[in-house]
Each structure stands twice: as structure tokens, then as C-alpha cells.
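Note sheet for the following structure.
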Amino acid sequence: MEFDIAITGAELVDPQWGQRKATLAIRDGRIAGWIDPAVPVEAREVIDASGQVVLPGVIDPHTHFGYAQSFQADVASETRSAALGGVTSILSFYRQYQGLAPAPYDELPELAAAIDQSAHVDVGLHFGMLAETQVDEIEKYAGQGVTSHKFYMAYRGPDGATVGMVNECDDGLLLEGLAKVAAIDGVACIHAENTDIVNRSMRQVREAGEQGLRAWSNARPAFAEAENIRRVAFLADHVDATIYLVHIGSRESLDAARYVRDSGSRAWVETCPHYLTHTYDSPVGSLAKINPPVRSSDDVEALWQGLIDGSVDTVGTDHCAVPREKKEADIWSAAAGFPGMATTLPVLLSEGYHRRGMTLQRVAQVLSGNAASIFGMAQKGTLRPGADADVVICDLGLERTVRHEQLGSLCDYSILDGRSLRGWPVRTLVRGVTVALDGKVVGEPTGAFIHR
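Residue numbers are given in this note's numbering: position 425 of the sequence shown equals residue 1884, and the series is strictly consecutive.
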């Protein structure tokens, strides 16, 4: 039996099956099987991956396309960066940006067409629920392939103006939205920061003359996250909704997430790579401004432990292509957000696998398998037969210094610039097509809209 592609000589790592040496066979863009390495295989293309590991392509469940430039421009540039980082599927939070009033997402067909035309990897969408007119159409969006939606407990009043957001989602609309998401068996993604506490705290810290990342952390305190987590879980339980807690960045918020899960809430937990690598003492300064903020070294280690022990389910990048010129003001004026897709897998391999003993199977779970399961992408996040042949081949011993010029993003910086990481993707395949090889994007865009 002939296959289209055979990847030979490598250790295969699957989120459920674990790790073993085998030949990975691919036919018609899908995984065809794991074959004993002693058995000869016929294939039109044989990829020798001796000494390397093969993982399911990374799924990034948390990006923001269309924030600092047009949606289509972000799709074109940032999916190149994704391919270089071993990311084969992306879910992007789409909403009205730059102070536009929230309106129903009638542009979904145009967004899907932009993905089909310009993406180098597969891309799906979540919608931001900012107003009642959007919440009213949750059932319609499900029929169009969008079954997860984001509710911002932050960003009302002055805080919303800092990110160009008009957010009408109070607790009443949140509860109604949770009920509608539950009715479609979807997922409610939650940005948990108590907006009233943050609005007051930001004013007080700024008036006190504080500056830098530590001031930003003080202005958006971790307990404001933790309080919102407990509150939204209570509301979600009332309507039997599943919640996905995005960008958990502190020990306190992680403890709150553990508490609600232990109490019976259906709550998934995401952290981001910057919470695993940076603190408020990091020398990059306002380049690392993000919401919620980076915290202390103790918080960093708490999140790593959460990834390893199963308290944290996924890693999403919160990737946002904000140019450097918008980041270099003082902490109060700099834009929030930065890129991260190209370096997430190297961070998990270098800081997780090599430094902290995280297993490769666990890496595959938090970067691929769990996100596929949570967000209804059965064909993604696994190397099992029948799945899409979304594959990343990694050299665990390859050590490189991060340089933003090599990461494919529109952005002219990385918060990891100059840092050495060990373990990098060397080849990325999307549905059996090589899209990145040895640090270069190859071929024309072949990505597609992910209908869920």
C-alpha cells in the first residue's frame, strides 16, 4: 500500500496514545496510520526525521486578528508566523475594534473568505459578545460554524477606552449570553477582571506616579481576576454553561479556577506563554504590557506547576500584532498586546520539557489535544488515524537565540528577543502539505476556515 507521505525515524507523540517510535503514514491529507519502524513503507515522499520528535500541530485558541491592522492583513502575515512556530490551527477572537460600536457579525462570510484566500494555516473564529444585538444571534452564529464566544467582564467605562472597546456586557447580559451559549452546547470564553476595581485602581496607581510593569500589575490586581472567576462560575452554574477562562496569569487566579472546578463548575483554564516567561521586573518594559499583566516570579512557577499537574488545560498566545511604535510610550500610554505564536512551542520545549521535566505527551495535550476537544475540532490535535495531517517535526536539541526578524510576524520586536531557547520546530505540515521548513515559510497560502 502506497502513502503520500511517510515520516520515518522519529518518536511520535500523541496527547492520548503517548510516545513511541513509529513511521507516520499520511494519505489524502489525513493520518493513515502508525507503522512499525521495521516494516518497509512505500510513499511518494519520505521525510527522514531521525532523532527528532513528531507532535500534532499546535492549536492556538487565543489570538486577535484585526486589532492593529485589517483582519485580512493579519491573516496573511500572522499565519506565516504561526507556520514557523509549528502552529497549524488558530482560533481568533473577532470583535469591533478601534472604538466602533458593537454590531451583529454579518461580515462572517467575508472573514471566512479572507481566511480561505490568505491563510497559511487553518483559522476559526470566536466572536466577542459586547452587546445584546450580538448575544441575540448566538444560535445563528452556531449554524455558521462559530460556537464559542468571548465575554469581557473587563473593559467597561474608562478601561474600555484603553483598548478601543465599546463594551455593554454587564452581569445581566453576561448571564443571558451564558444561557444562550449553553443552549447550543458551546463554550463561553471569559476575560475575568473586575472592571469596577480596575477602573478605580488604575486611577489611584497612576495618580501616585507609579510607572513600569509593576505599576501596571498594581493597577490591575490579581484579586480582581480571582473575584471575577468565582462570580462567573456561579452564574455559569446557574444556566449549566461551560466556561473557558482565558489568559490566567497569577497564582491567585489559578487558585480561584481550581476552587470553582473542585466545586463542580465546568471550567477550562488557559494560560499564555508570557505568563510563563516574564515578570513585572523583566527589562523589556512596556513591550510586555498586556491585560491581565505579567506578575511575579512566584506566579510564573505556579503556572508552570499548573500546566504540569493538570490544573491548566491549554496555552493560548493572546497574539496581537501591535507594532513597536505603539509600545514604546510610558506604561500608561503604551498599547497592550504583542505577538507570540512563533515562540510558544519553543518556550514549552525549552522551559517546560528541558528545564522542568514536563513530558512531551503533556506538551501535546496543552498545546494541541485539549484545545481540539474543548472547541469541537475532532479532526485536529491528534496523530491518530483519520485526523487531519497537521504535524510539527521538532528538533529537541536545536538551540537558537530568538530574533524577531526570523519569526515571520509583521511586528518589529519580540518580548523574547535575545533569549536562547532549546527545542524548535523544523517542519510544519497542514493537512499533509509542508507550510514551513527549516525556519522558512514555503508554498502559497493553503489554509482554510475552520467550521465548528
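All C-beta atoms in this analysis are idealised placements derived from N, C-alpha and C, irrespective of residue type, glycine included. All values derive from a computational prediction rather than experimental measurement.
Report the partner residues of residue i according to the DSSP bridge assignment.
i              : result
tyrosine 1703  : Cys1648 and Trp1727
proline 1563   : In the DSSP output, where bridge partners are listed per residue, proline 1563 has none listed.
tyrosine 1611  : His1650
aspartate 1581 : Ser1548
glutamine 1593 : According to DSSP, glutamine 1593 bridges with nothing at all.
Could you check if residue i is buried or exposed, using at least 16 other CB atoms within 10 Å of its CB as the buried criterion?
i                  : result
glycine 1867       : buried
phenylalanine 1682 : exposed
arginine 1659      : exposed
lysine 1480        : exposed
glutamine 1865     : exposed
arginine 1862      : exposed
lysine 1439        : As displayed, the chain neither begins before 1460 nor continues past 1911, which places residue 1439 out of reach and without an answer.
alanine 1801       : buried
valine 1498        : exposed
glycine 1510       : exposed
arginine 1821      : buried
serine 1873        : buried
glutamine 1593     : buried
histidine 1706     : buried
leucine 1559       : exposed
alanine 1700       : buried
glutamate 1537     : buried
Just to check my reading of the structure: residue i and residue j have Cβ atoms closer than 8 Å, yes? What is that Cβ distance to the nearest angstrom?
i                  : j               : result
phenylalanine 1610 : methionine 1588 : 5 Å
proline 1483       : cysteine 1853   : Checking the sequence, you will find leucine at residue 1483 rather than proline. At roughly 13 Å, the Cβ-Cβ gap does not stay under 8 Å, so leucine 1483 and cysteine 1853 are not in contact.
alanine 1613       : threonine 1547  : Alanine 1613 to threonine 1547, Cβ: 30 Å. No contact.
threonine 1525     : aspartate 1519  : Note that residue 1525 is glycine in the sequence shown, not threonine. Rounded, the Cβ-Cβ distance is 16 Å, inconsistent with contact.
glycine 1882       : leucine 1762    : Glycine 1882 to leucine 1762, Cβ: 19 Å. No contact.
leucine 1880       : arginine 1859   : 6 Å
glycine 1516       : valine 1892     : With 8 Å as the limit, glycine 1516 and valine 1892 do not qualify as a contact, their Cβ atoms being about 12 Å apart.
glutamine 1475     : threonine 1841  : 7 Å
histidine 1521     : threonine 1776  : 6 Å
Taking the C-alpha atoms as reference points, what is the distance between residue i and residue j?
i                  : j               : result
glutamate 1666     : glutamine 1528  : 32 Å
isoleucine 1574    : glutamine 1531  : 7 Å
threonine 1736     : histidine 1650  : 21 Å
glutamate 1810     : arginine 1886   : 21 Å
isoleucine 1485    : glycine 1583    : 24 Å
alanine 1962       : histidine 1579  : The first residue shown for the chain is 1460 and the last is 1911, placing residue 1962 beyond what the model contains.
phenylalanine 1552 : lysine 1839     : 19 Å
valine 1646        : glutamate 1501  : 43 Å
phenylalanine 1834 : valine 1806     : 23 Å
alanine 1590       : glutamate 1627  : 5 Å
arginine 1814      : arginine 1878   : 15 Å
arginine 1725      : methionine 1460 : 45 Å
isoleucine 1464    : valine 1889     : 13 Å
Is residue i a contact residue of the ligand ADP, with contact defined as CB to any heavy atom under 7 Å?
i            : result
alanine 1542 : What this structure holds is no ligand at all, so the ligand ADP is not there to describe.
Inset, instruction - Tell me, please, whether the region 1493 to 1512 touches the region 1768 to 1788 by the rule of three or more beta-carbon pairs shorter than 8 Å. - result: no
Legend entry - Touch test, the region 1705 to 1723 against the region 1684 to 1692, Cβ-Cβ under 8 Å, three pairs minimum: yes
Inset, instruction - Pair every Cβ in the region 1602 to 1609 with every Cβ in the region 1777 to 1793, then say whether three or more of these pairs are closer than 8 Å. - result: no
Legend entry - Inter-stretch contact at 8 Å, needing at least 3 Cβ pairs: the region 1559 to 1566 / the region 1820 to 1829: no
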